[in-house]
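This report concerns only the one structure given below.
Number of protein chains: 2
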Amino acid sequence: MKKITLIYSGGSDSYTLLNYALSKDFNVDCLTFTYGQKHNKEIDFASSACKELNVKHSIIDIGDNSEIVFGNSSLTSVESKIPHGSYKEETMQSTIVPNRNMIFISYATAYSISNNIQEVWYGAHAGDHFIYPDCRPEFLNAMNVAAGLCDSAKIKIEAPFISYTKGEIIKIGLDLNLDYSKAWTCYEGKQNPCGKCGSCVERAEAFSDNNAIDPLI
Amino acid sequence: MKKITLIYSGGSDSYTLLNYALSKDFNVDCLTFTYGQKHNKEIDFASSACKELNVKHSIIDIGDNSEIVFGNSSLTSVESKIPHGSYKEETMQSTIVPNRNMIFISYATAYSISNNIQEVWYGAHAGDHFIYPDCRPEFLNAMNVAAGLCDSAKIKIEAPFISYTKGEIIKIGLDLNLDYSKAWTCYEGKQNPCGKCGSCVERAEAFSDNNAIDPLI
Chain Y
99 MKKITLIYSG GSDSYTLLNY ALSKDFNVDC LTFTYGQKHN KEIDFASSAC KELNVKHSII
159 DIGDNSEIVF GNSSLTSVES KIPHGSYKEE TMQSTIVPNR NMIFISYATA YSISNNIQEV
219 WYGAHAGDHF IYPDCRPEFL NAMNVAAGLC DSAKIKIEAP FISYTKGEII KIGLDLNLDY
279 SKAWTCYEGK QNPCGKCGSC VERAEAFSDN NAIDPLI
Chain X
99 MKKITLIYSG GSDSYTLLNY ALSKDFNVDC LTFTYGQKHN KEIDFASSAC KELNVKHSII
159 DIGDNSEIVF GNSSLTSVES KIPHGSYKEE TMQSTIVPNR NMIFISYATA YSISNNIQEV
219 WYGAHAGDHF IYPDCRPEFL NAMNVAAGLC DSAKIKIEAP FISYTKGEII KIGLDLNLDY
279 SKAWTCYEGK QNPCGKCGSC VERAEAFSDN NAIDPLI
């Protein structure tokens, strides 16, 4: 049985990716990172889902170095407000956490080496390409080369949804009968999704594309 | 003036690299990582040197996830003893901290993006190639491609000493009149260097190559 390490934020993309991997009978270890993000709501959702799915889940606390390492990203800095609107807008630039994916992938690669796992999966998708360079295919390819050279164990990095829209990802999940009330997407950590941040707007479009109702709304 | 981010362990290679960069009039920000290593002696040496050189120094505490992420590396696991001998021996494999350089480089890249710095330097050298895959030129090249793609800021990764032996690095430092009592190399964190670990053995050879005396011995 293929073993993979899956970077699991607790959001709808990685929730779908996790269930997709389990549907292929892969043996999945999930990693969730705490790095100084403004709220832990996604992490709680990640923990609950892994428990329910009986999947090994490690929460890796890499400390809160956000001010010095990530500058004034609106996902980590209290001084920077999370913008409203779609990812296509200039204001969304503040939601970039500089080089976050390389940091997560590097840890997941180390974990894979230490645990005899050959592949790292993460949930980048086509909707991310416009704004987030570290979700683009060329970045994935470069990380694949680096991960194949960093150790005698040649780890592969995969992002199976990298060419899919968010709507196509939700379709995969709906076909798997997933309950999306178990995935938190909103950049805010309030009781209910704000409905206005880029992440909420994109999730709403994805459900709408599938003529489906988001159970969290 | 060129600004660089330098990954500074406090050991003799990065101590030489830091002084080499300063001798070229580069503006240097140093990053030192605490990641669950067995002792903090190198970090204290790094702090002292940066203070004396009036260089901006940030200690990035990325938490102690060593057990889960780094397995039983002898540099982090209390259950694994630091081996004695030269790097050419099989027993030295236990001193590998899986994917440590990619983790450090990914943070240093994030820091560079957040602080408008264009280059990351780290102290890999030719003596590391045999045992540490993440000190080889092909790994450096792959990380350079990835760092150039992870963000709209295209960060470069440099390891100016990657083709130099440790003896050649010490020669550069001696030519710069460096005081190597200010660089800690030993894998153990005792009062004096153990003289027996791979790192001590290699440092002794490097001084010997230059007919020089190590001030720490």
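As given, the protein sequences belong to chains Y and X, one line each in that order.
Per the working numbering, numbering of the first sequence is gapless, rising by one per residue and ending at 315.
Per the working numbering, numbering of the second sequence is gapless, rising by one per residue and ending at 315.
For every residue, glycine included, the Cβ atom is placed at its ideal position computed from N, Cα and C.
Tell me whether residue i sits in a helix, a strand or coil according to DSSP, three-state version.
i, result
"K179/Y", "coil"
"C295/Y", "strand"
"T130/X", "strand"
"N125/X", "strand"
"V195/X", "coil"
"T114/Y", "helix"
"S146/Y", "helix"
"I203/X", "helix"
"T189/X", "helix"
"E286/X", "coil"
"D232/X", "helix"
"D319/X", "As shown, chain X starts at 99 and ends at 315. That puts residue 319/X outside it, with no answer to give."
"D307/X", "helix"
"I315/X", "coil"
"I270/X", "helix"
"D159/Y", "strand"
Could you spell out where the alpha helix (DSSP H) holding residue i opens and where it closes?
i, result
"D277/Y", "No alpha helix (DSSP H) contains D277/Y, which DSSP labels as neither H nor E."
"V153/Y", "Premise fails: V153/Y is in no alpha helix (DSSP H) and is neither H nor E."
"V167/Y", "Element bounds for V167/Y: n/a, residue is neither H nor E."
"E236/Y", "235-245"
Could you spell out where the beta strand (DSSP E) holding residue i opens and where it closes?
i, result
"I255/X", "254-256"
"L104/X", "101-105"
Is there a C-beta anywhere in chain X that falls below 8 angstroms from the one on residue i?
i, result
"Y220/Y", "no"
"N197/Y", "yes"
"T192/Y", "Looking at the sequence provided, one finds Ser at residue 192/Y rather than Thr. Not an interface residue."
"Y106/Y", "no"
"S175/Y", "no"
"A208/Y", "yes"
"P231/Y", "yes"
"A240/Y", "yes"
"I211/Y", "yes"
"S204/Y", "yes"
Using a beta-carbon distance below 8 angstroms, is residue i in contact with chain Y?
i, result
"F237/X", "yes"
"V167/X", "yes"
"V243/X", "yes"
"I201/X", "yes"
"D249/X", "yes"
Just to confirm, is the Cβ distance from residue i to residue j under 8 angstroms?
i, j, result
"M190/X", "G296/X", "yes"
"A79/X", "V243/Y", "Nothing in the structure corresponds to residue 79/X, since chain X is present only between 99 and 315."
"D312/X", "Y278/X", "yes"
"C248/X", "P235/Y", "no"
"I102/X", "S112/X", "no"
"C233/X", "A222/X", "yes"
"I255/Y", "L238/Y", "yes"
"N308/Y", "L272/Y", "yes"
"I268/Y", "F228/Y", "no"
"A257/X", "W282/X", "no"
"I141/Y", "Y285/Y", "no"
"S171/X", "P196/X", "yes"
"E300/X", "Y118/X", "no"
"P291/X", "I260/X", "no"
"E138/Y", "G287/Y", "The question names Glu, but residue 138/Y is Asn in the sequence shown. Yes, the Cβ-Cβ distance between N138/Y and G287/Y is below 8 angstroms."
"A144/X", "G183/X", "no"
"S204/Y", "S204/X", "yes"
"L115/Y", "I158/Y", "no"
"K149/X", "F124/X", "no"
"L274/X", "S121/X", "yes"
So with CB distances below 8 angstroms, who are the chain B contacts of residue i?
i, result
"G161/X", "This model lacks chain B altogether; the protein chains it does include are Y and X."
Can you find a heavy atom of the ligand ZN that lies under 7 angstroms from the Cβ of residue i?
i, result
"N117/Y", "This structure lacks the ligand ZN, and indeed carries no ligand of any kind."
Does the segment 194-211 of chain X come close enough to the segment 194-206 of chain Y that 3 or more CB-CB pairs lie under 8 angstroms?
With a cut-off of 8 angstroms on Cβ pairs, the segment 194-206 of chain Y is in contact with the segment 194-211 of chain X, counting three or more such pairs.
If we count Cβ pairs, one from each stretch, closer than 8 angstroms, do we get three or more for the segment 131-148 of chain X versus the segment 159-168 of chain X?
Contact holds: three or more Cβ-Cβ distances are below 8 angstroms.
Taking 8 angstroms as the cut-off, does the segment 175-186 of chain X touch the segment 210-224 of chain X (at least 3 CB pairs, one atom from each stretch)?
Not touching, per the Cβ criterion.
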